[in-house]
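Asks: If you count by the working numbering, then the sequence shown holds residues 2 to 252, one letter each, in order. Just dropping this structure here.
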Amino acid sequence: MLERNGMGQSLIVEDRGGGVRIIRMNRPDKLNALNTELTQALLDALVEADTASEVRAVVLAGEGRGFCAGADLSEFKDLTPEHQHRVLERADLTCRLQSQLQRLSKPIVSAVQGAAVGGGAGLAISCDMMVAGSDLKFGYPELKHGIVPALVMTGLQRQLGRKAAFEMISLGRLIGAEEAKALGLVNRIAAPEAVVDAALEIAEAWAKASPMAMAATKSLFYRVADLPFDAAMAAGRDINALMRGFREREE
């Protein structure tokens, strides 16, 4: 299934069977840089996957030699103080996309080859797991372009901690797959041409689980991360009590 918009191809959405859906960003000539059209199309595809009963797990990938080069800087000429409504609309769209990955009830794994920088880095690590190609170039170079990594900062800080996250965003250094894995940002490393296959192995394993139990597990996982210990345990107790009904509802 190929999704298009008024500006041409933006996404390739493919159902692999067994409950797995692959969503590929499809601007390879721009290293899948996120212009408004691609950002909206990707958000729409994620929302649709979340509501599709046949989808149990999602793989997010990028066509070509890079995963995602972040925001398409060519659009910035129109995002100026004189067009404040455009600035706010674009920022809101980016915020909704970066937030949707964690809010997705289905588990999602990123298959990341080559460049994953700025907003692309944010997308990669916002997925529940990440498979990186051995050619990974990962980082946040926004300050080098005179802009702030505002909408990717929260996710990075929560995954890395303050000191390591500030080093990454303030120095703008790109890191490779091995360093990213050592920092806990990457789950597995594969050859660049094998990242999607490696991600599919994860997604196919997820798809075998009870959809209700998986959705509850993902929701609770992120919920307890932001709660004090006693409140987190109480949330876990509530889900534990509800577990007894999962199998009965699915049969």
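A virtual CB, placed ideally from N, CA and C, is assigned to each residue, including glycine. Remember, predicted model here, so these are calculated numbers, not experimental data.
1) From which residue to which residue does the alpha helix (DSSP H) around residue 121 run?
2) Report the residue from 62, 34, 58 and 89 whose alpha carbon sits nearest the alpha carbon of residue 71.
3) Would you check if the distance between the CB atom of residue 99 and the CB atom of residue 68 is smaller than 8 Å?
4) Determine the extent of the beta strand (DSSP E) in which residue 130 is found, giving its start and end residues.
5) Which residue's Cα is closest to the Cα of residue 142: 167, 131 and 184?
6) Just the Cα atoms here: how many angstroms apart are residue 220 and residue 201?
7) For residue 335, which residues in the same chain have their Cβ closer than 6 Å to its Cβ, ignoring the five residues on either side in sequence?
8) Please confirm if the segment 203 to 214 is in contact with the segment 156 to 175, defined as three or more CB-CB distances below 8 Å between the two stretches.
9) Between which two residues does the beta strand (DSSP E) containing residue 148 stretch?
10) State yes or no: is the C-beta of residue 40 nearer than 7 Å to some heavy atom of the ligand MN?
11) Decide if residue 198 is buried, meaning its Cβ has at least 16 other Cβ atoms within 10 Å, or exposed.
Replies: Let me spell this out:
1) Translated into the one-based positions of the sequence shown, residue 121 becomes position 120. Counting along the chain, residue 121 sits inside the alpha helix (DSSP H) bounded by residues 120 to 127.
2) Taking the sequence shown and counting its residues from 1, the one referred to as residue 71 is at position 70. Closest in C-alpha terms to residue 71, from the list 62, 34, 58 and 89, comes 34.
3) On the sequence shown, position 98 is the one that residue 99 refers to. On the sequence shown, position 67 is the one that residue 68 refers to. The answer is no: Cβ separation not under 8 Å.
4) Numbered from its first residue, the sequence shown carries residue 130 at position 129. Residue range 130 to 134 is occupied by the beta strand (DSSP E) that includes residue 130.
5) In the sequence shown, the residue the question calls residue 142 occupies position 141. Among 167, 131 and 184, the Cα nearest to that of residue 142 is on 167.
6) Stepping through the sequence shown from its first residue, residue 220 is reached at position 219. Stepping through the sequence shown from its first residue, residue 201 is reached at position 200. Using only the alpha carbons, I get a separation of about 22 Å.
7) Outside the modelled stretch of the chain, which goes from 2 to 252, sits residue 335, for which no answer is possible.
8) No, they do not touch.
9) The residue given as residue 148 occupies position 147 in the sequence shown. Counting along the chain, residue 148 falls outside any beta strand (DSSP E), and DSSP gives it neither H nor E.
10) Here there are no bound small molecules, and the ligand MN is not part of this structure.
11) Start at 1 with the first residue of the sequence shown, and residue 198 comes out as number 197. Residue 198 should be labelled exposed.
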